[in-house]
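In my numbering, the protein residues as written are 12 to 297.
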């Protein structure tokens, strides 16, 4: 069972949170061990559905559609800066009564998770970082993304076309990645002329600008709670940087998922679960 809960984010922006509450299979759900899941750029809460369902067997699991994404509000003028995303996550924890929670983030959501933990340690019990760099990507990365958005053959005639283009035909894909096709099919909506993304490309570029031009090592070093850094072997977070992140974190741990790329939770969901569960058990029993 999944239910929507409305959250009021920074500046009054309306956010959609989704609570996953399937019947527990391995004992009673501990309402005091809440988990907030934050998707990455261009993602949505439903990308966490598989993870949230097994989490809900033992924990209260809530995934948030972040501003500009999913069914949350997409204000034309934003803001879409780091401050807004952090305040939105803070609002979700407080308004939903989740704190102190484990915050699991993928990519952009992971950056939000560790920045929130650094700022509000009272709200965050632990952090799980899924394939997100702490180093700045550089201006060339933003230009590449602008070119990539321009290359999308949007609108797509069918969802099958979406899956094929993002999973096989996209010039930025080195080899077929069916999970990537599924990821992008999830963020499309049908209109009179075909299928288009639910987000605005310009807003996504604004959202990612902060980690294009700025590094975020300082906030990482301020995270005092247990933190698990997870990388896909073929993801965007390199091994050397991931291990340096673990070193910088006061209570950092490391996990590497073989045969997985940036979309770790889509590529190897069972392997991700095997990495996360022992960490959660250690955090919640300590």
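Backbone N, C-alpha and C define an ideal beta-carbon position, used for all residues, glycine too.
For a cut-off of 8 angstroms, the C-beta gap from residue 286 to residue 228 is around 23 angstroms, too long to register as a contact. Judged by DSSP secondary structure, residue 207 falls within the beta strand (DSSP E) whose first and last residues are 205-208. For residue 195, same chain residues with a beta-carbon under 7 angstroms away, outside a window of 5 residues either side, are 173 and 177 in chain order. Per DSSP, residue 62 is one residue of the alpha helix (DSSP H) stretching across 60-66. Per DSSP, residue 125 lies in no beta strand (DSSP E); the unbroken alpha helix (DSSP H) holding it starts and ends at 119-130. Residue pairing by DSSP places residue 263 opposite 238 in a beta bridge. Beta-bridge analysis with DSSP links residue 199 to 208.
By DSSP's assignment, residue 31 forms a beta bridge with 13 and 72. Taking residue 121 as the centre and dropping the five residues before and after it, the same chain places the C-beta of 140, 141 and 143 closer than 7 angstroms to its C-beta, in chain order. Per DSSP, reduced to three states, the secondary structure at residue 169 is coil, with no helix or strand assignment. Shown here for residue 159: same chain residues with a beta carbon closer than 7 angstroms to its own, the five before and five after excluded, namely 183 in chain order.
Put simply, the region 94-113 does not touch the region 253-266. Fewer than three CB pairs are less than 8 angstroms apart. By the 16-neighbour rule on beta-carbons within 10 angstroms, residue 15 is exposed. When secondary structure is reduced to three states using DSSP, residue 243 falls in the strand class. Counting along the chain, no alpha helix (DSSP H) covers residue 184, and no H or E run does either.
If the five residues before and after residue 164 are omitted, its C-beta is found closer than 7 angstroms to the C-beta atoms of 176, all from its own chain and listed in chain order.
Cβ-Cβ separation between residue 86 and residue 24: approximately 6 angstroms, consistent with a contact (criterion under 8 angstroms). Between residue 152 and residue 277, the C-beta gap is not smaller than 8 angstroms, which leaves the two residues out of contact.
Per DSSP, the continuous alpha helix (DSSP H) segment holding residue 162 begins and ends at 150-162. Within a 10 Å sphere around the beta-carbon of residue 72 sit 16 or more other beta-carbons, which makes this residue buried.
Exclusion of the five residues before and after residue 113 leaves 46, 136 and 137 as the residues of its chain whose Cβ lies within less than 6 angstroms of its Cβ.
Per DSSP, reduced to three states, the secondary structure at residue 279 is coil, with no helix or strand assignment. The beta carbons of residue 233 and residue 89 sit no closer together than 8 angstroms.
Residue 135: member of the beta strand (DSSP E) spanning 135-141, first to last residue.
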